[in-house]
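J.:
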Amino acid sequence: MLLREILPALPAEKAFAARMVANAIAIAAREMAQEDPEPALLARIAALAGDARAFAAAIREGRFDPGTPRHAEAAALLQDITRARCAVSAPRAIGKG
Amino acid sequence: MDEARRARLTAWLRAASGDAALRIEGMALLSGGAIQQNWALDVSGGREWVLRTDNAARLAVSHGRGQEYALLRAAFAAGVTVPEPLFLCEDAAVIGAPFFVMRRVAGTAAAHRVVRSETLGGGREACVRALGRELARIHAIRPPREDLAFLGAPPADACRAFIAAQRAALDRQRTPRPVLEWGLRHLERTAPPPVPPVLVHNDFRTGNIMLDENGVTAVLDWEFAAWSDPHADLGWLCAKCWRFGNDAQEAGGIGPRAAFYEGYGAVEDARVRWWELAAHIRWAAIAVDQAERHISGAERSLELALTGHMVPGLEWEILRMVEGRDAA
Numbered sequence: 483m484l485l486r487e488i489l490p491a492l493p494a495e496k497a498f499a500a501r502m503v504a505n506a507i508a509i510a511a512r513e514m515a516q517e518d519p520e521p522a523l524l525a526r527i528a529a530l531a532g533d534a535r536a537f538a539a540a541i542r543e544g545r546f547d548p549g550t551p552r553h554a555e556a557a558a559l560l561q562d563i564t565r566a567r568c569a570v571s572a573p574r575a576i577g578k579g
Numbered sequence: 078m079d080e081a082r083r084a085r086l087t088a089w090l091r092a093a094s095g096d097a098a099l100r101i102e103g104m105a106l107l108s109g110g111a112i113q114q115n116w117a118l119d120v121s122g123g124r125e126w127v128l129r130t131d132n133a134a135r136l137a138v139s140h141g142r143g144q145e146y147a148l149l150r151a152a153f154a155a156g157v158t159v160p161e162p163l164f165l166c167e168d169a170a171v172i173g174a175p176f177f178v179m180r181r182v183a184g185t186a187a188a189h190r191v192v193r194s195e196t197l198g199g200g201r202e203a204c205v206r207a208l209g210r211e212l213a214r215i216h217a218i219r220p221p222r223e224d225l226a227f228l229g230a231p232p233a234d235a236c237r238a239f240i241a242a243q244r245a246a247l248d249r250q251r252t253p254r255p256v257l258e259w260g261l262r263h264l265e266r267t268a269p270p271p272v273p274p275v276l277v278h279n280d281f282r283t284g285n286i287m288l289d290e291n292g293v294t295a296v297l298d299w300e301f302a303a304w305s306d307p308h309a310d311l312g313w314l315c316a317k318c319w320r321f322g323n324d325a326q327e328a329g330g331i332g333p334r335a336a337f338y339e340g341y342g343a344v345e346d347a348r349v350r351w352w353e354l355a356a357h358i359r360w361a362a363i364a365v366d367q368a369e370r371h372i373s374g375a376e377r378s379l380e381l382a383l384t385g386h387m388v389p390g391l392e393w394e395i396l397r398m399v400e401g402r403d404a405a
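For the protein sequence lines, the chains are H and U, in the order given.
Counting from 483, one number per residue, gives the positions in the first sequence under this note's numbering.
Counting from 78, one number per residue, gives the positions in the second sequence under this note's numbering.
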C-alpha cells in the first residue's frame with residue numbers, strides 16, 4: 483500500500499529511501515505478527531550446550547561434526563533458529579512472502 | 078566542496094599535471110559508496126576525470142586511498158581494464174582527506190540493471206568470458222611486490238587464513254553466531270591444500286564491474302585486495318548471494334558459469350565451490366558488522382540496520398550449502 487500510493491508521488495531519487503522505509507515497516511509488521519519463538523529455542527540450546535555462546539564454541543571445536551552423536555540435533559536446532567529469524571527478516575529465503 | 082577547497086585543488090592539479098592553465102569546469106558528486114566519495118571532475122581541454130576520496134566512516138578492513146592508487150597502477154600495468162590512475166595526493170590539507178584522480182570511464186555498474194540486460198557487456202556469454210579474462214590478468218600479479226608491500230606477507234595457506242580471520246571477526250562481535258561457526262567448521266573440515274597466493278581483488282562481483290554494450294569498461298573498488306587463493310575471486314563472483322536474484326546465471330547473475338571458467342583458463346571447480354560457501358559467510362559477517370555500527374550508534378543509518386536483516390537469509394543459505402556438501 484505504502485509503495486503503491488506513495489512511490490509514484492515521489493521524485494526518482496527518493497525511491498530508494500521509500501523502499502527502505504517500506505522494507506523496515508514490513509519487517510516490523512512480521513515481527514509483531516510472529517509468536518515469540520525464542521523461549522522454546524533457548525530451551526533447546528540450553529539442553530544441547532548451555533547457552534548460545536557455548537553452542538557456538540562447541541561447534542567451532544568440532545563437538546557437533548558429522549559422525550558425532552548429537553550432530554543431527556544440532557543441525558535441526560540451527561535450522562529452526564534460522565527459520566524463525568527468516569520469517570521476520572527474509573521470508574522469501576524460506577519460501578514465504 | 079567549498080570555494081577554498083576547490084581553489085586548493087585547482088592549484089594542486091596544476092602542479093601535478095604540469096598544466097599551469099588547468100581549470101576545473103565542473104564538479105559533481107557521483108553516487109558514492111559507504112566508504113568513499115567519488116566526484117566527477119570536468120577539466121579544461123575536455124578532460125574527464127574522477128576524484129576519489131574517503132568518506133567520514135571507513136571500514137577498518139579497507140585500504141586507504143594511497144594504497145588503492147598503488148593497486149590501480151599495478152592492475153593497469155598488468156592489462157586489467159581499470160580507469161587509468163593519474164595523480165595521488167596524500168596531503169589531507171588540500172581537500173580535507175587524501176584523494177586520487179583517475180580517468181573517467183563510461184558505462185553502468187548498477188547490479189539490478191546489469192543482471193536484467195541481455196546486451197550489456199556484449200551479451201551474457203561474452204561478458205562473463207571477458208570477466209574471466211580480467212580475473213586471470215589480475216591473478217598474474219604475484220608476490221613479492223615492493224609497490225604492494227602494504228598488503229603484508231602472503232598467507233602460507235589462504236583457506237585456513239580465511240577461517241582464522243573470520244573467527245577473529247566473530248570473536249569481536251557481542252552476539253555469538255552459531256550458524257556462521259557451523260559454516261566455518263565445515264570449511265575447516267573440507268579445506269583444500271594450499272596453492273601459491275596471487276593478488277585477489279576480493280570484491281569482484283556484479284555491482285563493482287562497469288559495462289557498456291561492447292564489454293567491460295572498468296573493474297572498480299580495489300580496496301579489499303589481498304594476497305590469497307585465486308579461487309576466492311571466482312567463488313565471490315559465482316556465489317548465489319551475489320547474483321541479484323538472477324540465480325540461473327551462475328556467474329554473477331550475468332552469464333553461465335562454464336563461459337566464465339573458459340574465459341579464465343584453468344579452474345578447479347571444487348575449490349571455487351569451497352570459496353562460494355566462504356563468500357556467504359564473509360558477506361554475512363560484513364552485514365553483521367554493518368548492523369552493529371548502527372546499533373552501537375557509531376553510524377545511525379536505516380540502510381545499515383536493514384543490512385543486518387540480510388543475515389538470516391544468508392545463514393539459511395549457509396545451512397543449505399553445508400547440508401548439501403556433507404551429503405555429497
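Note that CB positions come from ideal geometry on N, CA and C, so glycine has one too.
Since this is a predicted model, take the numbers as computed values, not measurements.
Taking the alpha helix (DSSP H) that residue 516/H belongs to, which residues open and close that run?
T.: No alpha helix (DSSP H) contains residue 516/H, which DSSP labels as neither H nor E.
J.: Please return the same chain residues whose Cβ sits closer than 8 Å to the Cβ of residue 192/U, not counting the five positions on each side in sequence.
T.: 283, 320, 321, 322, 323, 326, 329, 330, 331
J.: Do the CB positions of residue 338/U and residue 209/U come within less than 8 Å of each other?
T.: yes
J.: Taking just the CA atoms, how far does residue 370/U sit from residue 246/U?
T.: 14 Å
J.: Going along the chain, which residues of its own chain have a beta-carbon closer than 7 Å to the beta-carbon of residue 497/H, five neighbours each way excluded?
T.: Within the same chain, and ignoring the five residues on either side of residue 497/H in sequence, the residues whose Cβ sits closer than 7 Å to its Cβ are 489.
J.: Nearest by alpha-carbon distance to residue 266/U: which of 491/H, 547/H, 529/H, 518/H is it?
T.: 547/H
J.: Taking the alpha-carbon positions, what's the residue 215/U to residue 188/U distance?
T.: 22 Å
J.: Against chain H, with Cβ distances strictly below 8 Å, would residue 411/U count as a contact?
T.: Lying outside 78 to 405, the shown extent of chain U, residue 411/U is not represented and no answer is given.
J.: Do the region 159 to 168 of chain U and the region 252 to 265 of chain U meet, that is, are 3 or more Cβ pairs less than 8 Å apart?
T.: With the rule of 3 Cβ pairs closer than 8 Å, the region 159 to 168 of chain U does not count as touching the region 252 to 265 of chain U.
J.: Could you name the residues of the same chain whose beta carbon sits closer than 7 Å to that of residue 552/H, not counting the 5 residues immediately before and after it, in chain order?
T.: 530, 546
J.: Got a sec: which bits of the region 510 to 525 of chain H sit with their beta carbon under 7 Å from any beta carbon on chain U, in order along the chain?
T.: none
J.: With distance defined between alpha-carbon atoms, name the residue in 105/U, 202/U, 153/U nearest to residue 218/U.
T.: Out of 105/U, 202/U, 153/U, 153/U has the C-alpha closest to the C-alpha of residue 218/U.
J.: What's the call for residue 134/U, buried or exposed, on a 16-neighbour Cβ count within 10 Å?
T.: Here residue 134/U scores only 49 on pLDDT, less than 50, and its place in the model should not be relied on; the value that follows carries that caveat. The residue is exposed, with fewer than 16 neighbouring Cβ atoms inside 10 Å.
J.: Find out if the Cβ-Cβ distance for the pair residue 311/U, residue 352/U is shorter than 8 Å.
T.: yes
J.: Contact criterion: CB-CB distance below 8 Å. Does residue 576/H meet it with respect to chain U?
T.: yes
J.: Anyone know if the C-beta pair for residue 220/U and residue 274/U falls short of 8 Å?
T.: Contact flag set, yes.
J.: Please list the partners that residue 567/H has in chain U, where partner means a Cβ-to-Cβ separation under 7 Å.
T.: 389
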